[in-house]
Amino acid sequence: MTLPKHFRSSRLRIGVAFSSLALVLFAAVGVLSGEQARDQAQRDAGAAIEQLADRLAFGLDAGLAERFREIQNLANLENLFETRLEPERWRAMVDRLQSSFPYYSWIGVARPDGTVVAGTQGLLEGRDVSKRPWFAAGLQRAFTGDVHEAMLLASLLGPQPNGEPLRLVDFAAPLFRDGRVEGVIGAHLTLAWVQERRAEALKATDPANRVEISIHGPAGTIMGPAAPAVEVLRRLEVGPAIVEWSDGKAYLSATARAGDAQGKRVFDWTIVARQPVDTALAPAERLRSRIWALGLLATLLFGIVGWWLAGRLTAPLRAVAQQAARISAQRGGGAAPADDDEVEQLAASLGTLLTHLREREHELVGLNASLEARVAQRTGSLNQANEDLRSFSHSVSHDLKGPIGSIGLVLRHLVEQQGERLDAGTRRLLGEVVRECDRLRRLTDELLSLALVEQSEMTMEPVSMQALVDEVVAELRRPGAAGAAEAERAELVVHPLPEVHGDAVLLRQVWLNLIANALKFSAKAAQPRVELQCRATEAGHEFSVADNGAGFDMSQAGRLFGTFQRLHRASDFPGTGVGLSIVKRVVHRHGGSVWAEGRPGEGARFAFVLPRRPASS
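Be aware that the sequence shown starts at 2, since it is given in this note's numbering, and climbs by one per residue.
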């Protein structure tokens with residue numbers, strides 16, 4: 002089969018070749034660039050919705066802890082009054098609490114036999130609640146119950162505004178007097194507070210992003226869209242991912258855990274934030290469309306340029322061929338085929354293509370540079386946010402310390418000067434306030450220490466760990482110092498400790514917190530013993546502080562070094578929960594690592610490793 006003459010033209014073939022080659026190259030670049038843009042958009046959107054879920058989980062945990070503390074404080078009031086259980090007094094107190102936090106649907110006090118003697122707005126007074134789970138649990142301990150539908154209160158409070166059944170969260174605590182249970186205080190909290198926290202979290206997002214938040218518990222969905230399959234939720238624990246929900250649509254989803262109150266996980270709630278895939282990946286799709294449009298335009302341009310160059314380059318050759326044919330015809334020979342010479346045309350076309358490829362490479366380099374600039378800008382924003390947070394904690398510590406100390410000093414002076422004129426109940430109440438002021442003052446001191454650890458410049462120099470430990474032990478045993486009695490009573494064994502390279506001021510904080518913790522938690526042992534030693538490892542010097550005190554459950558070890566995290570009740574072992582966080586941050590700033598080992602009732606061992614070579618701060 003013979004092609005038509007215009008299809009056999011070198012000019013046309015070169016133009017088509019240029020267009021085809023450009024199409025392949027730009028298609029490859031478009032696919033790779035589009036996939037990279039899609040992956041980056043998914044990571045950015047996933048991080049944003051994961052942070053949103055984390056913020057809501059933190060808010061719910063804080064709300065649970067606050068409500069839990071309110072009920073415990075009410076229960077503790079009974080011990081501070083000398084009178085017996087009085088319905089009028091309790092009704093006034095629970096009504097005030099409900100008016101200050103209207104999400105309490107009901108708060109009441111019942112006798113040990115289950116008879117309600119006082120309730121908000123007089124509801125359920127005289128009714129028997131002995132069969133209710135919150136009452137049975139509240140006789141034994143402070144209790145928090147998960148979401149359930151209301152029983153007795155459903156008919157009294159009426160239907161909900163949204164038409165859904167009334168669902169509640171329960172709180173209860175025993176009322177003690179002279180070591181025996183005098184009654185139970187119970188409270189029912191509606192889920193309206195959860196809805197409010199959820200709405201507040203969503204306000205921080207642009208409605209155009211179409212982000213949704215749902216809350217799920219062991220019994221099913223608490224609020225929001227129905228949950229996906231259990232295996233899908235487990236997969237999201239690893240990190241944000243695109244998953245299919247129960248409505249059959251795909252969403253970019255991320256999860257966070259909630260339900261932690263007073264350092265105990267009382268609920269097992271899963272916060273799920275989701276965003277439609279087409280919305281989450283819209284920026285990547287727009288970028289990919291622009292890349293493809295530019296690629297097609299460049300392909301057309303390459304074809305036109307190739308066709309034009311082929312015509313310019315082959316014109317002289319074609320004139321020579323025609324002259325040769327005329328000469329051959331004059332000599333009586335047949336006309337020689339005037340085939341175009343494609344070598345020079347092909348070389349020129351390749352040169353033009355390479356030029357355009359270099360231009361495209363420069364464009365891609367420019368695009369990469371702009372992406373790096375955006376990453377650097379976001380990193381700078383994050384660093385600024387961290388710096389603002391550190392400044393905030395430092396400012397709060399300074400601003401709170403003065404007023405709290407002044408309040409404690411004034412109240413202590415009042416008790417000392419006017420104590421004989423005050424009744425016993427008032428003196429006890431003032432004593433409680435003075436102790437709380439002292440606790441808050443210690444907490445602000447700890448926050449200030451934590452801020453200084455984060456912000457202070459490190460002075461790296463040789464430091465004698467033996468001298469630091471001797472100085473800390475002398476300070477702890479100084480008469481009048483906090484914990485001096487425990488320090489004198491305990492057997493303190495210090496093995497030889499080496500010299501390290503680090504910041505002496507920060508490392509002193511490490512030893513002070515670890516030794517003070519060991520003395521505090523071993524104080525109730527028959528023969529308290531604390532042992533300090535060091536051993537050489539491949540990573541560096543491993544220092545340890547071991548005691549024979551209360552110990553802890555290893556399943557909770559991950560919480561030890563978090564700020565305000567405590568594994569023991571403050572009534573058993575006082576403290577703020579900041580000291581071990583300071584230890585962790587100082588060790589990490591020295592390029593080391595820290596961990597803890599222990600068993601309940603068998604003591605604990607805290608260890609940290611510092612590298613032999615100086616570490617940069």
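Even for Gly, the Cβ is constructed at its ideal location relative to N, Cα and C.
None of the values given here were measured: they were computed from a predicted structure.
_Close beta carbons around E364, own chain, < 8 angstroms, minus the five adjacent residues each side_ = No residues qualify anywhere along the chain.
*Can you pull the DSSP bridge partners for I1?*
No information on residue 1 is available, as it lies outside the stretch 2 to 618 that the chain covers here.
*asked:* Using 8 angstroms for Cβ pairs, my map puts S247 next to P229. What's the rounded Cβ distance?
replied: For S247 against P229, the beta-carbon gap comes to about 6 angstroms, under 8 angstroms, which counts as contact.
_Tell me the residue span of the alpha helix (DSSP H) that contains L507._
For L507, the uninterrupted alpha helix (DSSP H) segment begins and ends at A505 to F522.
*Roughly how many angstroms lie between the CA atoms of W107 and H189, to the nearest whole one?*
Approximately 5 angstroms between the Cα atoms of the pair.
*Going by CA-CA distance only, name the one from F102, A174 and G127 that's closest to P134.*
The shortest C-alpha separation from P134 is found at A174.
*Using the C-alpha atoms, what's the distance from L302 back to R586?*
A direct Cα-to-Cα measurement between R586 and L302 gives close to 59 angstroms.
*For A377 versus A54, is the C-beta spacing smaller than 7 angstroms?*
Taking C-beta atoms as the reference points, A377 and A54 fail to come closer than 7 angstroms.
*asked:* With H, G and I counted as helix, E and B as strand and the rest as coil, what does DSSP make of F562?
replied: Coil.
*Check Q54 in the structure and name its three-state DSSP category.*
According to the sequence provided, residue 54 is Ala. The question's Gln does not apply to it. Secondary structure of A54 (DSSP, three-state): helix.
*Please report how far the alpha carbon of E458 lies from the alpha carbon of G503, in whole angstroms.*
Distance between the alpha carbons of E458 and G503 is about 12 angstroms.
_Simplified DSSP assignment, three categories, for S247_ = If DSSP states are grouped into helix, strand and coil, S247 belongs with coil.
*Helix, strand or coil for M644 per DSSP?*
Residue 644 lies beyond the residue range present for the chain, which begins at 2 and ends at 618; the question has no answer from this structure.
*DSSP bridge partner residues for E492 (one or two, in chain order)*: Paired residues: R530.
*Indicate the three-state DSSP secondary structure (helix, strand or coil) for L169 in the structure shown.*
For L169, the secondary structure class from DSSP, reduced to helix, strand or coil, is strand.
_Reduced DSSP secondary structure (H/G/I, E/B, other) of D471_ = Residue state for D471 is assigned as helix, using DSSP reduced to three classes.
*N-terminal and C-terminal residue of the beta strand (DSSP E) that L190 is part of*: For L190, the enclosing beta strand (DSSP E) starts and ends at R181 to T191.
*To which residues of the same chain is N514 closer than 8 angstroms at the C-beta, ignoring the five residues directly before and after it?*
If we look at N514 and ignore the five residues flanking it on each side, its Cβ neighbours are G580, L581, I583 and V584.
*Buried or exposed: which applies to S556, given that a residue is buried once 16 or more other Cβ atoms fall within 10 Å of its Cβ?*
Here S556 is exposed, its C-beta having fewer than 16 other C-beta atoms within 10 Å.
*Cα separation between E543 and R614?*
Computed Cα separation, rounded: 14 angstroms.
*asked:* Pairs of beta-carbons, one from the stretch 36-54 and one from the stretch 274-285, closer than 8 angstroms: are there three or more?
replied: The answer is yes - the stretch 274-285 touches the stretch 36-54, with three or more Cβ pairs under 8 angstroms.
*Taking all protein chains shown into account, do 16 or more other C-beta atoms lie within 10 angstroms of the C-beta of G47, making it buried, or fewer, making it exposed?*
So G47 counts as buried.
*Specify the secondary structure class of F553 as computed by DSSP and reduced to three states.*
DSSP places F553 in coil when its eight states are reduced to three.
*Does DSSP put K265 in a helix, a strand or coil?*
Correct three-state label for K265: strand.
*Beta-carbon spacing of E500, P529 below 7 angstroms*: Cβ atoms of E500 and P529: not closer than 7 angstroms.
_Local Cβ density within 10 Å of N77, reported as buried at 16 or more and exposed below that_ = So N77 ends up on the exposed side.
*Round the Cβ separation of L477 and L423 to the nearest angstrom and send it over; I've been treating them as touching at under 8 angstroms.*
Not really, about 36 angstroms apart at Cβ, beyond 8 angstroms.
_Collapsed DSSP secondary structure at D424 in the structure displayed_ = Looking at D424 - three-state DSSP - the assignment turns out to be coil, as it is neither helix nor strand.
*How far does the beta strand (DSSP E) with V610 in it reach, from first residue to last?*
That run of the beta strand (DSSP E) goes A605 to L611.
*For my contact list, A242 and R236 are in at a C-beta cut-off of 8 angstroms; report their separation, rounded to the angstrom.*
Approximately 6 angstroms separates the beta-carbon atoms of A242 and R236; this is inside 8 angstroms, confirming the contact.
_Sequence-distant residues of its chain with Cβ nearer than 6 angstroms to L192 (five each side left out)_ = So the list reads R168, once near-sequence residues are dropped.
*Could you tell me the boundaries of the beta strand (DSSP E) in which T145 lies?*
It spans F144 to E150 - the beta strand (DSSP E) in which T145 sits, taken as one unbroken run.
*Which whole-angstrom value describes the C-beta separation of L125 and L153, a residue pair presumed to lie in contact below a C-beta threshold of 8 angstroms?*
That pair is a contact at about 6 angstroms.
*Classify T356 as buried or exposed, calling it buried when 16 or more other Cβ atoms lie within 10 Å of its own Cβ.*
By the 10 Å Cβ count, T356 comes out exposed.
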